[in-house]
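According to the working numbering, the stretch in the sequence shown is residues 1176 to 1760, in order.
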Amino acid sequence: MTSQSHPKGLYLLFSTEMWERFSYYGMRAIFTLFLIGAMRYDKETASEMYGNYTGLVYLTPLIGGYIADNYWGNKRSIIVGGTLMALGQYFLFLCASHLGEGMITHTLLILGLGLLVLGNGFFKPNISSMVGTLYPDNDPRKDSAYTIFYMGINFGAFFSPLVCGFFGVTGDPADFKYGFLAACVGMIIGVVSFLLGKDKYLVTPEGEEIGGLPQTASSKLHLDSQEANLMLDSHNDNMSSANIHTDKSKIGLFVLLEVVVFGLLYRLFDGDYIGALIYSLSCVVPVYIITDKTLVKEERRNILVIYILAFFVVFFWAAFEQAGASLTYFAEEQTDRILPKFFDFNLSLTNKVVSVVLFTVFAVGLTYLIGKKFKNSFDLPTYLSVIIFAVTISFIFFSSGDEVNTSYFGSLNPIFIIILAPVMSSMWMMLESKNIHIASPTKQAIGLALLSLGYFFIAYGVDDVPVGEKVSMMWITTLYLVLSVGELSLSPIGLSMVNKLSPARFASLLMSVWLLSSATANKFAGVLSALYPEANADGIVVAKSFMGYEIENLHDFFMVFAVMSGVASVLLFLICRWINKNVKC
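Below, the structure written as structure tokens:
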């Protein structure tokens, strides 16, 4: 292996993560369409279910990460998580195969979603943590390794809405099952490729196994805990049994506080136990950490900065995650999806096959050249993934006809990310070279401002447009473009900021705070999507209200996100001055 090559384990993780993201985003692209078109739910109910599902997806990694660190290890957790998610997609396939059967259909739906949530909890926190362990400490290749891994996420997110939508969103409710089946097959491919390569490729530079049973990890965590305790001892002489008793008392007190807050929110939200759970944990866990008596002034200040950024990121993702709910409704019902004649490929079967073969050969050749450029040879799972990717994408492209499938709009964000990520990275580097440093919190404020701009744009585009009338694809496409630029301004800073600012003994808990902010945002996204204007059986739009603001049409609806993210951006810009003065970031 040359100094510039990457270990083959990276490409195994790339392939596994790509297929997992294929499964997740493919299902997400058709989920609300399935709930409305096949299960006959109204948009409000579908939005609430979407928010509950995606909110729990970000909550369960707290449990899965703990089990992996203490009992199973990364590899076993990934296999169990992937298997559970494949089963979850299969149960959704069964659900879509038994439409109209009352309790059976509903039970299969809940079982499928439950398995997906549980499996994601084991899978999500473990695969990304393995990337860094493939390299020695301070290895300069780590940055590019995470870039490659991140591309795998976006490749999976890009072609999954195309594939699952092509097979599932046909206008016939009975066909949704094929979209879920495609997501299931994708997850199975990811698990099988991981099983085939994990023992051979997932090793340290010295050839030692990584991600196995957590003997070494537990020892390291134990040593880290001992070192933290020794540091505390130097400040407090020793830790007496009374202090330990106090810690246990504090835990008990906060468990009681969680129960009380959960109960209050449960009543406030009319029995929404999932929302009450997510919101109550998001309130209680941060208070538990910040009230720790061992924190010194600088540590408490750093934690406060993490809380501030976690709070504001909720507003970004709550608006951004409309992609799987309200923006899907908008694309389905009020977007003119007819393509110009130039894009209407009316090819014979022979020409379609030839076109698919040529595109596949091109994709495999390009992959080989990329591997040669980085002085590395890709493994077999990577080439198989490329072949599957090329065949499916080219087949869909040449067979789609003259109307864009609603689910295809879910591919806009990842393809914009793939194209724009190098551009944005170069722009930040260019500014740094000119001694123009833009701190991470300021970048987050910029991301919120761009989000607001995007929603102002689409609100203008639908002004005075009645429910049911269609507008150009330009509006939603431009919105996704602006949102993607905003994501590139905000998303990369999150976990790195938490790692940088967290006191070592609270690193895991503060990471959980960040995940809780994502869970809160996704749950909130479902709540906001439920405000989408919908006509009743008589064709009359029933006005909805949010914090006293009346929503009677699409312009009113999109203005909620424009104003919400705009106000959040202004407030964060004002706070950034204090953050940048007190914390180097």
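Glycine included, each C-beta is placed from N, C-alpha and C at the ideal position.
If you're wondering where the values come from, they're calculated on a predicted model, not measured in any experiment.
Alpha-carbon to alpha-carbon, residue j and residue i
i: Tyr1454; j: Thr1235; result: 14 Å
i: Gly1723; j: Val1735; result: 12 Å
i: Ala1349; j: Gly1327; result: 31 Å
i: Val1462; j: Thr1510; result: 45 Å
i: Ile1726; j: Leu1703; result: 11 Å
i: Gly1361; j: Trp1194; result: 5 Å
i: Phe1298; j: Glu1381; result: 26 Å
i: Leu1595; j: Ala1261; result: 32 Å
i: Val1742; j: Phe1748; result: 10 Å
i: Val1488; j: Gly1386; result: 31 Å
i: Val1758; j: Lys1468; result: 21 Å
i: Pro1336; j: Ser1424; result: 49 Å
i: Ala1485; j: Asp1312; result: 29 Å
i: Glu1383; j: Ser1683; result: 25 Å
i: Asn1329; j: Ile1593; result: 7 Å
i: Ala1705; j: Val1532; result: 44 Å
i: Tyr1225; j: Ser1608; result: 44 Å
i: Ala1737; j: Ser1627; result: 4 Å
i: Gly1446; j: Ala1696; result: 19 Å
i: Met1433; j: Gly1240; result: Position check: residue 1433 holds Glu in this sequence, whereas Met was assumed. Answer to the nearest angstrom: the Cα atoms are 21 Å apart.
i: Gly1230; j: Phe1732; result: 22 Å
i: Ala1221; j: Arg1316; result: 44 Å
i: Asn1796; j: Leu1665; result: Only positions 1176 to 1760 of the chain appear in this structure, which leaves residue 1796 out of reach.
i: Gly1277; j: Ile1205; result: 21 Å
i: Leu1721; j: Val1460; result: Reading off the sequence shown, one finds Phe at residue 1721, where the question assumed Leu. Their backbone Cα atoms lie some 28 Å apart in a straight line.
i: Ala1700; j: Lys1218; result: 13 Å
i: Arg1680; j: Tyr1482; result: 17 Å
i: Ser1394; j: His1281; result: For Ser1394, the predicted model reports a pLDDT of 45, less than 50, meaning its position is unreliable and no value from the coordinates is stated.
i: Thr1207; j: Phe1495; result: 16 Å
i: Ser1692; j: Ser1457; result: 7 Å
i: Gly1184; j: Trp1247; result: 20 Å
i: Lys1698; j: Glu1223; result: 8 Å
i: Asn1755; j: Glu1473; result: 14 Å
Helix, strand or coil at residue i according to DSSP, with G and I counted as helix
i: Ala1705; result: coil
i: Val1471; result: coil
i: Ser1586; result: helix
i: Ala1213; result: coil
i: Ala1538; result: helix
i: Val1480; result: helix
i: Val1688; result: helix
i: Ser1677; result: coil
i: Glu1508; result: helix
i: Ala1614; result: coil
i: Ser1683; result: helix
i: Glu1644; result: coil
i: Val1758; result: coil
i: Val1745; result: helix
i: Glu1384; result: strand
i: Val1378; result: strand
i: Arg1752; result: helix
i: Asn1697; result: helix
i: Phe1444; result: coil
i: Ser1180; result: coil
i: Asp1347; result: coil
i: Ala1500; result: coil
i: Asp1731; result: helix
i: Lys1609; result: coil
i: Leu1234; result: coil
i: Pro1315; result: coil
Inter-residue CB distance, residue i and residue j (contact presumed, cutoff 8 Å)
i: Tyr1353; j: Gly1340; result: With 8 Å as the limit, Tyr1353 and Gly1340 do not qualify as a contact, their Cβ atoms being about 10 Å apart.
i: Gly1263; j: Leu1290; result: 3 Å
i: Phe1351; j: Ala1271; result: 4 Å
i: Leu1654; j: Ile1633; result: 5 Å
i: Asn1301; j: Ser1368; result: Wrong, their Cβ atoms sit about 16 Å apart, outside the cutoff.
i: Leu1237; j: Ser1687; result: 5 Å
i: Gly1331; j: Tyr1200; result: 7 Å
i: Asn1245; j: Met1305; result: Rounded, the Cβ-Cβ distance is 17 Å, inconsistent with contact.
i: Phe1320; j: His1181; result: The displayed chain sequence assigns Ala, not Phe, to residue 1320. Their Cβ separation, rounded to whole angstroms, is 6 Å, which keeps Ala1320 and His1181 in contact under 8 Å.
i: Gly1294; j: Leu1259; result: 3 Å
i: Ile1590; j: Phe1333; result: 5 Å
i: Tyr1707; j: Ser1501; result: 5 Å
Residue(s) in a DSSP beta bridge with residue i
i: Ile1513; result: Glu1578
i: Glu1276; result: Note: Glu1276 sits in no beta bridge, so no partner.
i: Tyr1724; result: Phe1721
i: Ala1710; result: Val1716
Counting Cβ pairs closer than 8 Å, one from the segment 1694-1714 and one from the segment 1597-1604, do we hit at least three?
Verdict: no, contact absent.
Examine the Cβ distances between the segment 1177-1192 and the segment 1317-1325 and report whether three or more of them are shorter than 8 Å.
yes
Contact between the segment 1668-1683 and the segment 1613-1620 (3+ Cβ pairs under 8 Å):
yes
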